[in-house]
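Worksheet: the structure to be examined is printed underneath.
Number of protein chains: 2
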Amino acid sequence: MASWLQIPKNSPFSLANIPFGIISSTKASPRVPAIAIGEYALNLSAFASSSGFSQLPVIQPHLSVFSEPTLNAFAALGRPVHRQVREYLQAVFRADTPYPQVFKDNATLQKEALLPLSEVTNHVPMQIGDYTDFYAGLNHAYNVGVLFRGPENALQPNYTHLPVAYHSRASSVIVSGTPIHRPNGQILTNPAANPKIPTFSPCKKLDIELELAAFVSTPNGLGKPVPVNEAEDHIFGLVLMNDWSARDIQAWEYVPLGPFNAKNFATTITPWVVLIDALEPFRAPGLEPGDREALLPYLREKRAVNAFNIPLEVEITPKGSKSTIISKSNAQNLLYSFPQMLTHHTITGCNMNTGDLLGSGTISGKEPQTQGSILEQTNGKNPIKLSDGSERIFLEDGDRVVLRGSAGEEGSYVGFGDCEATILPALKLEF
Amino acid sequence: MASWLQIPKNSPFSLANIPFGIISSTKASPRVPAIAIGEYALNLSAFASSSGFSQLPVIQPHLSVFSEPTLNAFAALGRPVHRQVREYLQAVFRADTPYPQVFKDNATLQKEALLPLSEVTNHVPMQIGDYTDFYAGLNHAYNVGVLFRGPENALQPNYTHLPVAYHSRASSVIVSGTPIHRPNGQILTNPAANPKIPTFSPCKKLDIELELAAFVSTPNGLGKPVPVNEAEDHIFGLVLMNDWSARDIQAWEYVPLGPFNAKNFATTITPWVVLIDALEPFRAPGLEPGDREALLPYLREKRAVNAFNIPLEVEITPKGSKSTIISKSNAQNLLYSFPQMLTHHTITGCNMNTGDLLGSGTISGKEPQTQGSILEQTNGKNPIKLSDGSERIFLEDGDRVVLRGSAGEEGSYVGFGDCEATILPALKLEF
Numbered sequence: 001m002a003s004w005l006q007i008p009k010n011s012p013f014s015l016a017n018i019p020f021g022i023i024s025s026t027k028a029s030p031r032v033p034a035i036a037i038g039e040y041a042l043n044l045s046a047f048a049s050s051s052g053f054s055q056l057p058v059i060q061p062h063l064s065v066f067s068e069p070t071l072n073a074f075a076a077l078g079r080p081v082h083r084q085v086r087e088y089l090q091a092v093f094r095a096d097t098p099y100p101q102v103f104k105d106n107a108t109l110q111k112e113a114l115l116p117l118s119e120v121t122n123h124v125p126m127q128i129g130d131y132t133d134f135y136a137g138l139n140h141a142y143n144v145g146v147l148f149r150g151p152e153n154a155l156q157p158n159y160t161h162l163p164v165a166y167h168s169r170a171s172s173v174i175v176s177g178t179p180i181h182r183p184n185g186q187i188l189t190n191p192a193a194n195p196k197i198p199t200f201s202p203c204k205k206l207d208i209e210l211e212l213a214a215f216v217s218t219p220n221g222l223g224k225p226v227p228v229n230e231a232e233d234h235i236f237g238l239v240l241m242n243d244w245s246a247r248d249i250q251a252w253e254y255v256p257l258g259p260f261n262a263k264n265f266a267t268t269i270t271p272w273v274v275l276i277d278a279l280e281p282f283r284a285p286g287l288e289p290g291d292r293e294a295l296l297p298y299l300r301e302k303r304a305v306n307a308f309n310i311p312l313e314v315e316i317t318p319k320g321s322k323s324t325i326i327s328k329s330n331a332q333n334l335l336y337s338f339p340q341m342l343t344h345h346t347i348t349g350c351n352m353n354t355g356d357l358l359g360s361g362t363i364s365g366k367e368p369q370t371q372g373s374i375l376e377q378t379n380g381k382n383p384i385k386l387s388d389g390s391e392r393i394f395l396e397d398g399d400r401v402v403l404r405g406s407a408g409e410e411g412s413y414v415g416f417g418d419c420e421a422t423i424l425p426a427l428k429l430e431f
Numbered sequence: 001m002a003s004w005l006q007i008p009k010n011s012p013f014s015l016a017n018i019p020f021g022i023i024s025s026t027k028a029s030p031r032v033p034a035i036a037i038g039e040y041a042l043n044l045s046a047f048a049s050s051s052g053f054s055q056l057p058v059i060q061p062h063l064s065v066f067s068e069p070t071l072n073a074f075a076a077l078g079r080p081v082h083r084q085v086r087e088y089l090q091a092v093f094r095a096d097t098p099y100p101q102v103f104k105d106n107a108t109l110q111k112e113a114l115l116p117l118s119e120v121t122n123h124v125p126m127q128i129g130d131y132t133d134f135y136a137g138l139n140h141a142y143n144v145g146v147l148f149r150g151p152e153n154a155l156q157p158n159y160t161h162l163p164v165a166y167h168s169r170a171s172s173v174i175v176s177g178t179p180i181h182r183p184n185g186q187i188l189t190n191p192a193a194n195p196k197i198p199t200f201s202p203c204k205k206l207d208i209e210l211e212l213a214a215f216v217s218t219p220n221g222l223g224k225p226v227p228v229n230e231a232e233d234h235i236f237g238l239v240l241m242n243d244w245s246a247r248d249i250q251a252w253e254y255v256p257l258g259p260f261n262a263k264n265f266a267t268t269i270t271p272w273v274v275l276i277d278a279l280e281p282f283r284a285p286g287l288e289p290g291d292r293e294a295l296l297p298y299l300r301e302k303r304a305v306n307a308f309n310i311p312l313e314v315e316i317t318p319k320g321s322k323s324t325i326i327s328k329s330n331a332q333n334l335l336y337s338f339p340q341m342l343t344h345h346t347i348t349g350c351n352m353n354t355g356d357l358l359g360s361g362t363i364s365g366k367e368p369q370t371q372g373s374i375l376e377q378t379n380g381k382n383p384i385k386l387s388d389g390s391e392r393i394f395l396e397d398g399d400r401v402v403l404r405g406s407a408g409e410e411g412s413y414v415g416f417g418d419c420e421a422t423i424l425p426a427l428k429l430e431f
């Protein structure tokens, strides 16, 4: 698919993608829905109010969704509408567009609505109700389990029967580009001592977690589980996510109720929501342990191939220095699909709302330098060598971390763009 | 304090209370803020628009908060405003009110705005962003720890150093009076078998958790921890909460990341938010284990007495039968105060928003029949005898559970009203 718009061949936002987000700029204020295409954002509020959607009857009664400061209203319209809007926008941007008068030949509207990405500010695209983080990255769960319990008991008995998850913190989900302060908290500097006495300290084991995450589109009601073969229609789309983790705070606090302060200070997501329909050509098998018992029927999908082939990478750039790709993974490294996660979440009757966020869990491969967290690579002691000669056991102040993921090939990438943040020193607190 | 309004002596909503909630009725549509007083709700929207607040200058610029469908806008005004509004409403209802023309002698407005509680519908009073459940009930943590790990290791080493907590599910917080379906899920019918194979089943170990919960009023920003001696001013008020728990689902799923589906199907709260100012006369010591190490400075409160003397009770009524009080506890059975919980939550920089909900954890005493959960009383095998002759190991379908709590004495109770729900049979699901 060629476009009349100049789109760089390496752009994650090719005409095959059309991801949705929320932007602001002097020309798009205060916040408006947009799509990313090549090096531009298309302001959908301006586009809609200048009859940009005139050739798409289905959206006419709902044009107000493009004046909202979040994507929630658009997402709530449901997958058939998202699909038609995406396909219509692809048609508008195609070199052989059937609607040239709408935009290709409309210089005035182009000037108003097509904004260079470098000149817009991105925002968290949805009002998030609840954020749940799953643990579906089998290799990550195994690697971490080996570190804590040894290879014999690395995976808990429940792991291959249900997608393990915990509720996480929605308020501190932030958009790519927002710097984060190293958190303070209680850590155990001498775990072998008895009694165990914690100290108050900046986190010394700050880590990343490379994840995908799904936004919920249409709600199910309380008491209405979503059948697994209908669950994908409740998903609006995916983003890349960095679930920052303070490993030393986590180690001290997490028994018996799970991670809390170790994860609640920040979670970074990419600003552009990639629709499942855009990822459709990249369906590929997920992980499947050989000796697995049959899943209970409520988790069995008709579709056998339920992951996506999306190459992923993790890059670290020390302050003022050059970058190193420390890890390359792939979104196929998941044991459960997002439909399985959503169905398991609702099987008790739990209600999902538009804008709820489901994290996949850390996506690690099995080989060296394919892990989605630093802990797995270093075990807290074997440093990663960076290309500038420095070493990392965990993150240091000033480090800039970027996660990236793009499916497909040059000229037609379906990608997420950068999931980026720089680590600032811990706040100095006085008591 | 006597009122010109007839208030029954046993009402939890005496003139000393003035709790805030959200109601609807044919006269208050769709949803409006209200206070509860005796057997009435005062519709604050109607009261405000008929000059009811004319003698309170501080609220004049903010009267629109009383037209909102949640209490969030009112809560966000901050504690000094809540305090003045409460005291003003007490003055309006006092027998010797200084403003008789406002309401006491205004029969028209009384007829419009004073609605019998029996004729209004209550709603969840706030738009909840995130809901966090703490574990500050020392006796509960100890009792459950003994069941799982024996008395020697009942409490984890972190327990006396920090208020343990987990993120919980906000979407399924429901208001008292809403029936709940017994959840379905994965349970391990034969835990001793190897390999462990779960079955899909209605929960067979449905339990309650007797808790208090605090709503957050004013936000702190991301990266701005709240000092412990300022934390109470970020709390709008308290409700009673029943954190329903599916013990068999929990036992199978909870390692290593904590409870998830076992708690996500429903959490019941009382509809009326009792301000901390109303509970001020009932401050009393919380729990303090004798051999406790000094708390880290960020958790040390200037105020030594930081719990509340609020007698609590749990009642079960089998379908069509008579009621039994199965437990009597007290809100003093907490090791951490809500300010300590909020400060610990934010110490990493985590941001709290208006409407966030913090649960205390289960409030159990040490004596028989003072526990806040059924599991602690029965250990899953020693039945509780009910007054109708039946027995309970866990809840049965048709059981109506009511939690109650009131501080003070006859004629001036500061109470929460009923936190009530009836258990409906599990949904029959087909795959």
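Here the protein sequences come in this chain order: W and S. For the first sequence, UniProt numbering begins at 1 and goes up steadily by one. For the second sequence, UniProt numbering begins at 1 and goes up steadily by one. Just so it is clear, CB atoms sit at the ideal spot from N, CA and C, and this is done for glycine as well.
By the Cβ test, the region 399-417 of chain W is in contact with the region 317-325 of chain W, since at least three Cβ pairs between them sit closer than 8 Å. Residues of the region 353-376 of chain W with a C-beta less than 9 Å from any C-beta of chain S: 353, 356, listed in chain order. A check of alpha carbon separations from residue 71(W) across 272(W), 425(W), 359(W) identifies 272(W) as the nearest. It is roughly 11 Å from the alpha-carbon of residue 142(S) to the alpha-carbon of residue 362(S).
For residue 266(W), the number of other beta carbons within 10 angstroms of its own is at least 16, and it is reported as buried. By alpha-carbon distance to residue 215(W), the top candidate from 110(W), 336(W), 107(W), 133(W) is 133(W). Per DSSP, residue 366(W) lies in no beta strand (DSSP E) segment and is marked neither H nor E.
Only buried fits residue 205(S), as 16 or more other CB atoms lie within 10 angstroms of its CB. Annotation note: the region 171-223 of chain S contains the following uninterrupted beta strand (DSSP E) runs of length 3 or greater, listed N- to C-terminal: 173-175, 184-187, 199-202, 210-216.
Between residue 227(W) and residue 344(W), the CB-CB gap reaches or exceeds 8 Å. The region 101-109 of chain S and the region 152-163 of chain S do not touch, with fewer than three beta-carbon pairs separated by less than 8 Å. Nearest CB-CB separation between residue 130(W) and chain S: below the 8 Å threshold.
With a threshold of 8 Å between beta carbons, residue 298(S) makes contact with chain W. The bridge partners DSSP lists for residue 116(W) are 40(W). The residues 228, 229, 337, 339, 340, in chain order, have a CB closer than 8 Å to that of residue 301(S) in the same chain once the five nearest residues on each side in sequence are set aside. For residue 298(W), the closest C-alpha among the options 225(W), 261(W), 308(W) is that of 225(W). In this structure, the straight-line span from the alpha carbon of residue 321(S) to that of residue 210(S) is close to 23 Å. Within chain W, the C-beta atoms nearer than 9 Å to that of residue 350(S) come from 169, 171, 172, 183, 261, 264, 265, 266, in chain order. Under the Cβ distance rule, residue 124(W) does not count among the residues neighbouring chain S, no pair being separated by less than 8 Å. Interface criterion not met: the Cβ of residue 403(W) is under 8 Å from no Cβ in chain S. Around the beta carbon of residue 192(S), fewer than 16 other beta carbons sit within 10 angstroms, so the residue counts as exposed. Legend: CB atoms of the region 218-252 of chain S lying less than 9 Å from CB atoms of chain W belong to residues 219, 222, 223, 224, 225, 227, 228, 246, 249, 252. Rounded to the nearest whole angstrom, the CA to CA distance from residue 305(W) to residue 414(W) is 19 Å. Following the DSSP letters along the chain, one finds residue 277(S) inside the alpha helix (DSSP H) bounded by residues 276-279. Listed in chain order, the non-local C-beta contacts of residue 274(W) below 8 Å within the same chain comprise 17, 19, 237, 238, 239, 414, 415, 416, local neighbours out to five positions each way being set aside.
The residue among 360(S), 67(S), 182(S) with its C-alpha nearest the C-alpha of residue 139(S) is 360(S).
DSSP places residue 106(W) in the coil class of the three-state scheme, outside both helix and strand. For residue 292(W), the three-state secondary structure derived from DSSP is coil. Sorting 309(S), 170(S), 295(S) by C-alpha distance to the C-alpha of residue 431(W) places 295(S) at the top. Contact of residue 186(W) with chain S is assigned, a C-beta pair being separated by under 8 Å. Going by beta carbons, residue 169(S) and residue 277(W) fall outside the 8 Å limit.
Assignment of beta-bridge partners to residue 407(S) by DSSP yields 414(S). Linking residue 79(W) to residue 253(S) through their CA atoms gives a straight-line distance of about 32 Å. Under a 10 Å Cβ-count criterion, residue 407(W) is classified as buried, with 16 or more other Cβ atoms of the shown protein chains found around its own Cβ. The C-beta distance from residue 28(W) to residue 178(W) rounds to 19 Å, too long to fall under 8 Å, and the pair is not in contact.
At a Cβ-Cβ threshold of 8 Å, residue 122(S) and residue 23(S) count as neighbours.
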